[in-house]
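The block underneath contains the structure these notes are about, expressed in structure tokens.
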Amino acid sequence: MRERLIVPTRIAYGLFVSIVVSPSLLLAQETDSVPEVDQIVVSASRLETRQSNIGSSVSVVTQEELQQGRYPNVVQALRKVPGLDIVQSGSAGGNAAAFIRGADSDQTLVLLDGIELNNPASPNRSFNLANLTLENIDRIEVIRGPQSTIYGSDAMGGVINIISKKAKDGVHMSASSEAGSYNTFNQVGSLSYGGDGIDFTSGVTRQDVGNISAADARYGNAEHDDYQNTSVSGKLRFFPSDMVDGAVTTRYTRSNAALDNSGGAGGDDLNRRYHNDEFFSKGEVSTHLLNDTITPNAWIAYSNHSLQDNNNPDALSPDYLRSAYDGDLLDVGTKATWTPVKYFSSVLGGETQSERASSSYKSDGAFGPYEDNLSDKSARTNSVFLETRTSYDEAAYVDAGVRYDHQSIFGSATTFRIAPAWHVTSTTKLRSSVGTGFKAPSLVQLYSSFGNPDLDAERNNGWDVGVDQEILKKRVSTGLTFFHNNYRDLITFNPSTYVLENIDSAYTQGFEATATFTASEMVSIKAAYTYTETQDRATEEQLLRRPLNKGSVTLVYTPTSKFTSQVQWRGYGARDDFDYSAFPPARVTLGGYALVDLAASYKLTDTVEMFSRVENLFDQEYEEVLGYGTLGCAAYGGLKVAL
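Going by our numbering, the sequence shown opens with residue -9, and the numbers climb by one from there.
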């Protein structure tokens, strides 16, 4: 039986209904339409350009969309993006992994204003998206396909770049408070200033969630696993002259989540807790010479991950655990952009990355004591890169690049990328990209008790081709993209030797279809569908936790300038997973499901806004990871004050 908090749900749902129904019945003033803008994209190339002129497959979750959906975190905001699957082990605080076009989660690079967030101390150097909140975030760019030519290792499947807000003129402050189902209480505050020569934005978030059982209640697990998150972020930009500008980005997150020992029956644990501290920072400076013909840029970025997973014996479980993981990454680089003429630009640069990881693990339980320690291990990667953009008659654009990386342990990798785009007419665009990628073995994969210092990098080559079409005087925009990726030398545990080896290969292929319909100034609809076929070449089976089919439809209704509402439907096909309660682990299929979410806001005054959201409106029971719980119908409501 799914756990619920009936009273908070009904109260919040009533608030939602009052927000949605009342303004639409009582108010008749029409809002001015907001035209679709041609986004400036900074992640698909080291040369900033408009989204309409890019050959790569790019999706942008805009600030407007973040506000319309009232998303509490990055995970929820990304779920509708085509070609991207988010899989979370349990509810709030559970590990959240991103799969782009079927690539493994560790083959997705996550960035914040260009800071690499992937954790050097995690087993496969992936990043857990679960704790990323949205305060001070302007937009999120998702680039699909191999991007190692731009970003090096970890970007062989794609890139998620989270971009901070820019300040508006003057001083601006806001504070919001939200409460709802599962004893949830969220608070967000922001402060920004924009002026001559300097501006800054900042934000703070505190989340408290009573939550559900991380191990699914349907298997007899009854203990609630709470979650807390405190995040502080800021960005400072300075402009001492017309020739010099710079920026400093900083973010700190401390989270604390109650965990269970496993999914499924008997997974409950009364006192296992996961503590996570993350710190990210970057400083950069640019100069503008010869009327911006030459623009040198230099940066230094640092990230630190400190994790602890502790457990004492309790009434439900005799297990004892003490574990700690610590990872650092220092990235120093420089580049110079050269634009001698309007139709040609190039960027040449280099960077050096130094990463370090250490861990300790000590447990005792039904299978006896076990201990595994990773003393301080480090690696350095030196890279050089060259990228060019050529255009013709503002109709054809070609991005091309090459990159050389040398890591101190596994050796070297050279990657390339070509991405042309052609505006056949004012309403038809053809685009494509082809490139290669690599993923260096992590320090844990190299040096842990099951590691192998002779591991080579994983490799990928991939391509896509697509068309974008606008019709009905640009009221309707459609896109269709076909893609294919080949992966080789994948790192896999060999059960006969008990060590990791480069023994696997796989492919992913499919297509992504999108459509946007602006029915009127009040109504817009966005739809997306992704078909992703994946196969492990050795077993000829579908890769785990990747659905064959995924789709979404988002309806936004804005009858007045004061009121906005959104209805979002998301559907997922069946996916395979492993049942680790069996020995050897048995392959099982998780059923498909569909979810409906609602969100709405109403401005009571120029400074006070009321908002509400409902997740999983029809109380759908489903699993993203076998044996782990997911939320039932949950409703939330709150107020925001902005000055």
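Beta carbons: idealized from backbone N, C-alpha and C, even for Gly.
Because the structure is a prediction, the values reported are computed rather than measured.
Distance CB(residue i)-CB(residue j) smaller than 9 angstroms
i	j	result
T123	T243	yes
G648	N126	Outside the displayed range of the chain (-9 to 633) lies residue 648, so it cannot be described from this structure.
R449	D494	no
R227	D189	yes
K516	V543	yes
S95	S432	no
A291	D321	yes
E605	L585	yes
G323	W289	yes
R465	T508	yes
V32	L119	no
S467	T504	yes
S642	L633	Summary: the structure shown does not reach residue 642, with the chain confined to residues -9 through 633, and so no result is reported for it.
A496	R535	no
K325	D144	no
G83	A204	yes
G500	T522	yes
Q41	Q29	yes
Y387	S348	no
S166	N176	yes
V161	T98	no
A93	Y477	yes
L490	F568	no
Residue i - partner residues in DSSP beta bridges
i	result
I284	L279, W328
N372	T342, H396
K429	E448
V322	I290, T342
R478	R449
V48	I133
V615	Paired residues: none, contrary to the question.
A584	G561
V457	L420, L470
F269	Y242, N294
G148	T98, R134
Q197	N176, N219
Y351	S313, D362
Q556	V546, A589
Alpha helix (DSSP H) segment containing residue i, residue limits
i	result
Q499	First-last for Q499: 489 to 508, but that is the beta strand (DSSP E), not the alpha helix (DSSP H).
Q53	53 to 59
A409	No alpha helix (DSSP H) contains A409, which is instead part of the beta strand (DSSP E) from 401 to 413.
D597	Reading off the sequence shown, one finds Thr at residue 597, where the question assumed Asp. Taken as a continuous stretch (DSSP letters only), T597 belongs to no alpha helix (DSSP H), as it is neither H nor E.
L68	64 to 68
S138	138 to 141
Euclidean distance between Cα positions of residue i and residue j
i	j	result
L102	P410	27 angstroms
R393	F117	24 angstroms
W328	L37	10 angstroms
D215	R262	9 angstroms
V715	R421	This structure cannot settle anything about residue 715, because the visible part of the chain is limited to -9 through 633.
K352	H265	16 angstroms
G355	P303	9 angstroms
S12	D609	With a pLDDT of only 37 at S12, under the threshold of 50, the placement of this residue in the model should not be trusted; the figure read from the coordinates follows. In a straight line, the C-alpha of S12 is about 25 angstroms away from that of D609.
P72	S79	21 angstroms
A390	T415	23 angstroms
I133	V51	12 angstroms
T471	Q137	17 angstroms
G257	D235	53 angstroms
S245	G561	30 angstroms
F270	R241	5 angstroms
G104	K225	13 angstroms
V615	A212	18 angstroms
N114	Q435	7 angstroms
N- and C-terminal bounds of the beta strand (DSSP E) containing residue i
i	result
L102	98 to 102
T174	174 to 185
F228	217 to 231
K540	539 to 550
T524	513 to 526
L74	74 to 78
E168	160 to 170
K630	624 to 632
Y242	234 to 248
S33	Unbroken run through S33: none, as it is neither H nor E.
A88	86 to 90
Cβ distance (whole Å) where residue i is taken to contact residue j below 8 angstroms
i	j	result
T139	R379	About 13 angstroms separates the two Cβ atoms, so there is no contact after all.
L319	S336	Their Cβ separation, rounded to whole angstroms, is 28 angstroms, which puts L319 and S336 out of contact at 8 angstroms.
A385	W412	7 angstroms
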